[in-house]
């Protein structure tokens, strides 16, 4: 909540458990999906912009691993003395091992 509120004014987000303990499967392995959406419309400045991203965060208890996959889409539209549109998509993936907090 804090990240979305600070980074995307008027943005919205949702978190879903799609696999694991709170969904249909039992056990410690589970997957969360985080959806972030934000838009800024500024017709007085002749521009609009949007951000949409989906993040899959999969926790695997056996290896204490976390895999994160993301898909982002950014759009911008500038329309003063012309019509310029920009759309960009990017996918990313990373894995890390969960570590205990030092004492």
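In the numbering used here, the protein residues as written are 1 to 103.
All residues carry an ideal CB built from backbone N, CA and C; glycine is no exception.
Residue i, enclosing alpha helix (DSSP H) - first and last residue
{"i": "residue 3", "result": "2-7"}
Nearest candidate by alpha-carbon position, reference residue i, set the options
{"i": "residue 48", "options": "12, 72, 83 and 59", "result": "83"}
{"i": "residue 20", "options": "90, 10, 32 and 96", "result": "32"}
{"i": "residue 109", "options": "97, 60, 58 and 34", "result": "This structure gives no information on residue 109, because the portion of the chain shown stretches from 1 to 103."}
{"i": "residue 90", "options": "61, 30 and 71", "result": "71"}
8 Å contact criterion, which residue i and residue j should meet: CB distance rounded
{"i": "residue 37", "j": "residue 12", "result": "6 Å"}
Continuous beta strand (DSSP E) stretch holding residue i: start and end
{"i": "residue 93", "result": "84-97"}
{"i": "residue 75", "result": "65-78"}
Three-way DSSP call (helix, strand, coil) for residue i in this model
{"i": "residue 15", "result": "strand"}
{"i": "residue 44", "result": "helix"}
{"i": "residue 81", "result": "coil"}
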